[in-house]
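Peer 1: Dropping the structure in here first, questions after.
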Amino acid sequence: MLRAVEELNTTFEDGLKSANASPREFEALHRAFNRFATDLEKRLTALERQQAELRQLLEAG
Numbered sequence: 577m578l579r580a581v582e583e584l585n586t587t588f589e590d591g592l593k594s595a596n597a598s599p600r601e602f603e604a605l606h607r608a609f610n611r612f613a614t615d616l617e618k619r620l621t622a623l624e625r626q627q628a629e630l631r632q633l634l635e636a637g
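Each residue of the sequence shown is one higher than the last, beginning at 577 in the working numbering.
In structure tokens, the structure reads:
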């Protein structure tokens, strides 16, 4: 999933560059996207932790 986000980021950057976005617009959008990616990574980590806990409960049960 993280790889997909990184690929999306690259595509996003390429699209902005080809659309002639101003450097200020590009930076604002880039920061917003990085916040989104960080939040997504945190959620994924939490889900992985929950999955591990559930697996332990099932194995112990």
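All C-beta atoms in this analysis are idealised placements derived from N, C-alpha and C, irrespective of residue type, glycine included.
Between the region 602-610 and the region 623-633, do three or more beta carbon pairs fall short of 8 Å?
Peer 2: Judged by Cβ distances under 8 Å, the region 602-610 makes no contact with the region 623-633, as fewer than three pairs qualify.
Peer 1: Hey, would you say Val581 sits closer than 7 Å to Ala613, going by beta carbons?
Peer 2: Against a cut-off of 7 Å, the Cβ pair of Ala613 and Val581 comes out as a contact.
Peer 1: With distances taken from CA atoms, which of Leu633, Leu616 and Thr586 is nearest Phe602?
Peer 2: Nearest option by C-alpha distance: Thr586.
Peer 1: Along the alpha helix (DSSP H) that carries Gly637, what are the first and last residues, could you check?
Peer 2: First-last for Gly637: undefined, no H or E at that position.
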